[in-house]
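Chemist: So the sequence shown is numbered by my numbering: it starts at 11 and just counts up by one.
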Amino acid sequence: MRPLLIVKSGRTLPELARRRGDYEDWIAAGMGLDPARLRIAHVYENAPLPEPDAFAGVVVTGSSAMVSHREPWSERTADWLAGAVRAGTPVLGICYGHQLLAHGLGGRVGQNPRGREIGTVEVRLSRAARGDPLFEQLPERLRVQATHVEAVLELPAGARLLGSSDADPHQAFAVGERAWGVQFHPEFDADVVRAYLTARRELLLAEGLDPEALWRAASDSPHGTAILRRFARLLRDG
């Protein structure tokens, strides 16, 4: 299999990175890939983006940046993603990557009107997910990890809605046969999301959320890893 390109949109929490690694490490582990098979484009540092057809597929990471701020590196990456989709390169956008993919394809991203979503959340799959190659083998209700304040407010034209949660009606979507966006973090486990709950504690309290209750409710689940493993299998199968 050709290498996988990780389009890195930002870094995780510094203390967490020292202890557990960063987005690309968790993505590689979840997909069951040798890290040597990865190529990383640090787009948030204005790194150039290679031609997408040189890679088996593309995964776009999360970020603490905001798609709605339309920073130059982000807008450049959104245009590149739209080109990758047109070229037929398999794409998986995660959190910020999910929003950026939607934005690049003509959707609308902004502040989530339902507020911050963080912790272990339930995602309900749609009828369309039953026939989707990435989601068809999963149960109708997923338990996954999330942390975000912006969301996809309008899906791109022609996108298929695959999943929703109480706090976000656009948790997962697909465009064409080879591009997906997931607002949740399939590469996170409960330990990672608890680190975010601890780091965001004062913000959560100010927003009327209960970080201690969310911390206690965080739990591991195989569903995120199943999505990453399925994406890796789709890449191997071509």
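We treat Cβ as the ideally placed atom computed from N, Cα and C, and that holds for glycine.
(1) Is there contact here, the stretch 63–73 with the stretch 13–22, by at least three beta-carbon pairs under 8 Å?
(2) Unbroken alpha helix (DSSP H) runs of length 4 or more, entirely within the stretch 217–247: which are they?
(3) Is Q147 helix, strand or coil by DSSP?
(4) Quick one: what's got a C-beta closer than 8 Å to G248's C-beta in the same chain, skipping five residues either side?
(5) Can you tell me which of E146, A242, E160 puts its alpha carbon nearest to the alpha carbon of L250?
(6) Can you name the start and end residues of the alpha helix (DSSP H) that E81 belongs to?
(7) Please confirm if the stretch 156–172 is in contact with the stretch 225–241, defined as three or more CB-CB distances below 8 Å between the two stretches.
(8) Among residues of its own chain, excluding the 5 on either side of M11, which ones have a beta-carbon nearer than 8 Å to its beta-carbon?
(9) To test your reading of the DSSP string, which unbroken beta strand (DSSP E) runs of 3 or more residues are found completely within the stretch 102–133?
(10) Tell me which residues share the same chain as P166 and place their Cβ nearer than 7 Å to its Cβ, disregarding the 5 neighbours each side in the sequence.
(11) Within a Cβ cutoff of 6 Å, which residues of the same chain sit near T235, ignoring the five residues on either side of it in sequence?
Modeler: Walking through what the data contain:
(1) yes
(2) Taking only runs of at least 4 residues, the alpha helix (DSSP H) segments lying wholly in the stretch 217–247 are 221–227, 233–247.
(3) coil
(4) Excluding sequence neighbours, G248 sits near nothing in its chain.
(5) The structure shown does not extend to residue 250, since the chain is modelled only from 11 through 248, so no value can be given for it.
(6) No alpha helix (DSSP H) contains E81, which DSSP labels as neither H nor E.
(7) As far as the Cβ criterion goes, the stretch 156–172 does not touch the stretch 225–241, which means the pair count is below three.
(8) R47, A66, L245, R246
(9) You should have 118–121.
(10) A112, L115, G116, G117, V185
(11) Same-chain partners within the cutoff: G40.
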